[in-house]
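Residue numbering for the sequence shown follows our numbering, beginning at 17 and increasing consecutively.
Glycine is no exception: its CB is placed at the ideal position from the N, C-alpha and C atoms.
Okay, structure first, notes after.
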Amino acid sequence: MPRQRSSPWLWEFYLLCKIMIIRILWVGKNKDSYIKSAIEEFLKRIRPYAEIAITNILEVALSGTNNPEVVIRQEGMAINKYLDEKLKSFTKTPFIVCLDYQGVMYDSAEFADFIAEKASYNDILFVIGGVYGLAEEVKRRCNLILSLSKLTFTHQMVRIILLEQLYRAFTIIHGKKYHY
């Protein structure tokens with residue numbers, strides 16, 4: 017039987033104050049229709065629980081440089097520029113989570129606890145890199161580096177997995193039947 021969240025009062029108290037805002041910043045567009053469909057489905061499922069905003073940063077083509085390190089660096093500069101500009105406009109500084117294979121791993125109940133805890137005082141901004149990952153300069157700005165698995169996924173699949181885990185976290189928090 018899955019472990020339930022440890023602090024049921026925390027989320028209810030928070031909901032009295034406001035709806036949580038989750039921001040996701042990712043590199044590149046959703047190219048395949050099945051990716052787009054899955055993302056739209058999980059966005060629809062998450063919206064009753066949280067406001068969610070997605071921002072796309074243009075990906076850098078490898079063909080122009082033929083060097084993955086240059087791509088990572090250029091995409092990192094674009095992410096940092098966005099963060100520099102947008103963080104000024106937020107009413108509260110969000111808790112920034114970078115997704116990277118070398119990050120800390122949570123099971124789904126621990127991730128739900130994390131979401132509930134951070135929601136009590138911060139909005140959350142997730143950052144997903146491009147094909148080659150995130151620049152070190154971006155990772156240094158994060159409050160947490162999170163890994164979704166020891167397995168390697170495409171950056172497009174990571175979007176779906178993150179959204180599904182966010183939806184799962186909200187169902188755990190609210191005691192809904194989805195997480196078994």
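Residues that residue i bridges to, as DSSP identifies them
{"i": "residue 72", "result": "42"}
{"i": "residue 66", "result": "36"}
{"i": "residue 149", "result": "146"}
Residue i versus the options, residue with shortest Cα-Cα distance
{"i": "residue 70", "options": "59, 78, 64 and 79", "result": "59"}
{"i": "residue 38", "options": "193, 75 and 108", "result": "108"}
{"i": "residue 182", "options": "65, 94 and 137", "result": "65"}
{"i": "residue 68", "options": "41, 53, 157 and 137", "result": "41"}
{"i": "residue 96", "options": "168, 172, 175 and 153", "result": "153"}
Burial state of residue i, where buried means 16 or more other Cβ atoms lie within 10 Å
{"i": "residue 121", "result": "exposed"}
{"i": "residue 80", "result": "exposed"}
{"i": "residue 180", "result": "buried"}
{"i": "residue 75", "result": "buried"}
{"i": "residue 194", "result": "exposed"}
{"i": "residue 48", "result": "exposed"}
Euclidean distance between Cα positions of residue i and residue j
{"i": "residue 166", "j": "residue 117", "result": "7 Å"}
{"i": "residue 111", "j": "residue 127", "result": "14 Å"}
{"i": "residue 72", "j": "residue 145", "result": "10 Å"}
{"i": "residue 63", "j": "residue 43", "result": "22 Å"}
{"i": "residue 84", "j": "residue 170", "result": "15 Å"}
{"i": "residue 191", "j": "residue 78", "result": "45 Å"}
{"i": "residue 187", "j": "residue 155", "result": "29 Å"}
{"i": "residue 91", "j": "residue 102", "result": "16 Å"}
{"i": "residue 99", "j": "residue 45", "result": "19 Å"}
{"i": "residue 159", "j": "residue 133", "result": "14 Å"}
{"i": "residue 130", "j": "residue 55", "result": "22 Å"}
{"i": "residue 173", "j": "residue 57", "result": "14 Å"}
{"i": "residue 137", "j": "residue 168", "result": "32 Å"}
Contact check, residue i vs residue j, beta carbons under 7 Å
{"i": "residue 148", "j": "residue 51", "result": "no"}
{"i": "residue 135", "j": "residue 36", "result": "yes"}
{"i": "residue 162", "j": "residue 177", "result": "no"}
{"i": "residue 105", "j": "residue 184", "result": "no"}
{"i": "residue 86", "j": "residue 114", "result": "no"}
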